[in-house]
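> The following block contains the structure, expressed as structure tokens.
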Amino acid sequence: MPDELEVVSFATTEELWAWLAVHHTDHPGVRVRLQKVSSPVPSVGFHDLLEAGIAFGWSESTRRAGDERSYLQRFTPRRARGTTSARNLAIAERLESDGRMTPAGRRVLGR
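The sequence shown runs 5 to 115 under this note's numbering.
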């Protein structure tokens with residue numbers, strides 16, 4: 005079955021966080037177009053996507069080719085019983101101490 009997720013792009017982390025603030029509870033997921041380092045097009049990076057996802061209870065998974073300057077990262081709501089790596093837990097703790105963790109992110113991590 006083909007992946008029918010909408011493709012979206014975010015030039016800044018502010019755009020990404022604003023999108024998640026609106027859609028994190030009612031969207032099935034997206035493919036985020038992340039630009040390669042050599043691309044002149046502004047784009048959030050993988051780490052930006054990872055942090056925002058943890059904060060809002062979303063998860064990045066498979067990546068596939070986009071075009072010659074970008075790739076597409078699958079980004080969907082995290083399953084409540086999914087596993088969380090030590091790295092992601094450390095990021096969640098930092099986001100919490102920085103005041104950037106949301107109730108949705110806490111809920112998914114069981115906090």
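All C-beta atoms, glycine included, are put in the ideal place defined by N, C-alpha and C.
The model shown is predicted, which means the values in this text are computed figures rather than measured ones.
1) Can you tell me where the beta strand (DSSP E) with Ala108 in it begins and where it stops?
2) Leaving aside the five residues before and after Gln39 along the sequence, list all residues of the same chain whose C-beta is less than 7 Å from its C-beta, in chain order.
3) Quick one: grab the DSSP three-state call for Val26.
4) For Glu18, which three-state DSSP category applies?
5) For Ala69, list the residues DSSP reports as bridge partners.
6) Among residues of its own chain, excluding the 5 on either side of Leu54, which ones have a beta-carbon nearer than 8 Å to its beta-carbon?
7) DSSP on Leu38, reduced to helix/strand/coil?
8) Spatial neighbours of Ser13 within its chain, please: CB distance less than 6 Å, with the 5 preceding and 5 following residues excluded, ordered by chain position.
In terms of the structure at hand:
1) Along the sequence shown, one-based indexing puts residue 108 at 104. Judged by DSSP secondary structure, Ala108 falls outside any beta strand (DSSP E) and instead within the alpha helix (DSSP H) spanning Pro107 to Leu113.
2) Working through the sequence shown from its first residue, we reach residue 39 at position 35. Once the five neighbours on either side are set aside, the close Cβ partners of Gln39 are Val45, Ser47, Arg73 and Ser74.
3) Locating residue 26 in the sequence shown gives position 22, counting from the first residue. Three-state result, Val26: helix.
4) By 1-based counting over the sequence shown, the position of residue 18 is 14. Reduced to three states, the DSSP call for Glu18 is helix.
5) To locate residue 69, count along the sequence shown from 1; it is residue 65. Ala69 pairs with Tyr75.
6) Locating residue 54 in the sequence shown gives position 50, where the first residue counts as 1. The residues are Glu64, Asn92 and Ile95.
7) Position 34 of the sequence shown, counted from the start, is the residue given in the question as residue 38. Strand.
8) Here residue 13 corresponds to residue number 9 of the sequence shown, with the count starting at 1. Answer for Ser13: Arg37, listed in chain order.
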